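Novice:
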Amino acid sequence: MSEENASRPPFKRPFRHYTAPVTDNKEFVFGVQSVLETLRSGKEIDRLLVQRELGNTEILDLAKEKGIQVQKVPLEKLNRITRKNHQGAIAFVSAIHYAKLENVIADTFEKGEIPFILILDRVTDVRNFGAIARTAECAGVHAIVLPSRGAAQINADAMKTSSGALNFIPVCREDSLIQTIDFLQNSGLRVVACTEKAKSTIYEVDYKDPIAIIMGSEEDGITDEIIRKSDEIAKIPQTGQVGSLNVSVAAGVIIFETVRQRSI
């Protein structure tokens, strides 16, 4: 190295604030008029975001009328979703039409089939959800039940991961999983929570009667209140060092244990 180069201070790259690129996404609509028209059209909306500081009254009133929950968020969050003129309102449109759980249960009984329902408590990863839906459809699950808040968005990634299964298996969105469990129990279904907190294993449970199986998030599992409401709790036995299975794998294990028992 020359004396001239040695005397120069080390090169420092100038600091630049990094902003993740934002791309247009056909799964959401933005702008006050577009959001209003989407609400009026009757399309299924997964999430409705409204700028906290503004809060368009017409959008809020129409969302309340249709039972759609609104998230009031700061302007920065809306700007991260799209750089276009969103006017403080963005609606994420679902890729599917949600089914009514009471109709699914009634139709299943009318067909002479034994109801088999899968409930997902706070499973938010889109790809895990898509994989679970694929397994559930292959196994003949009659419906997947999601909470209206804290669930994976049903978008293109979910559809792709499900290999199209979400076009065929009914998905139900419920405001309260506690009330949903009450309804299922009153309809003659036993509710089994799959949790590591159980002493019994999933192989000690009888799945031949009408049943609903609950799976929880990988981070937090099933909420304690839901576990207490369940008729039975059961765990998947493990002998390895890793603490738990991926939720989509765990769902596949218990779903096909149900299939096995019902095929005997």
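Residue numbers (our numbering): 420 to 683. Each residue gets a CB set at the ideal place from its N, CA and C atoms; glycine is no exception. Because the structure is a prediction, the values reported are computed rather than measured.
Report the three-state DSSP secondary structure of R541 (helix, strand or coil).
Specialist: coil
Novice: Is the segment 614 to 634 in contact with the segment 536 to 555, if contact means three or more CB pairs nearer than 8 Å?
Specialist: yes
Novice: By the three-class DSSP mapping on this structure, what secondary structure does F449 have?
Specialist: strand
Novice: Along the chain, which unbroken stretches of the alpha helix (DSSP H) at least 4 residues long are found entirely within the segment 635 to 678?
Specialist: 643 to 648
Novice: Which value, in whole angstroms, describes the spacing of the CA atoms of V441 and I645?
Specialist: Low confidence applies to V441: its pLDDT is 35, below 50, so where it sits in the model is not reliable enough to give any reading.
Novice: Quick one: give me the first and last residue of the beta strand (DSSP E) that F511 is part of.
Specialist: 508 to 512
Novice: Leaving out five residues before and five after A550 in sequence, what residues of the same chain have Cβ atoms less than 6 Å from its Cβ?
Specialist: Taken in chain order, the residues that qualify are T580, S667.
Novice: Give the single residue among I509, A508, I536, R553 whose Cα lies nearest to the Cα of L565.
Specialist: I536
Novice: CA-CA distance, T527 and P656?
Specialist: Each residue's alpha carbon lies about 31 Å from the other.
Novice: Is it the case that the Cβ atoms of T677 and Y626 are separated by a distance below 8 Å?
Specialist: yes
Novice: With 16 as the cutoff for other CB atoms within 10 Å, does N605 come out buried or exposed?
Specialist: exposed
Novice: Where does P429 land, buried or exposed, given buried means 16+ other C-beta within 10 angstroms?
Specialist: Because P429 carries a pLDDT of 45, less than 50, the predicted location of this residue cannot be relied on, and the following value inherits that uncertainty. By the neighbour-count rule (16 or more Cβ atoms within 10 Å), P429 is not buried but exposed.
Novice: Starting from I563, trace the beta strand (DSSP E) both ways and give me its first and last residue.
Specialist: 562 to 566
Novice: Please return the same chain residues whose Cβ sits closer than 7 Å to the Cβ of S619, not counting the five positions on each side in sequence.
Specialist: A653
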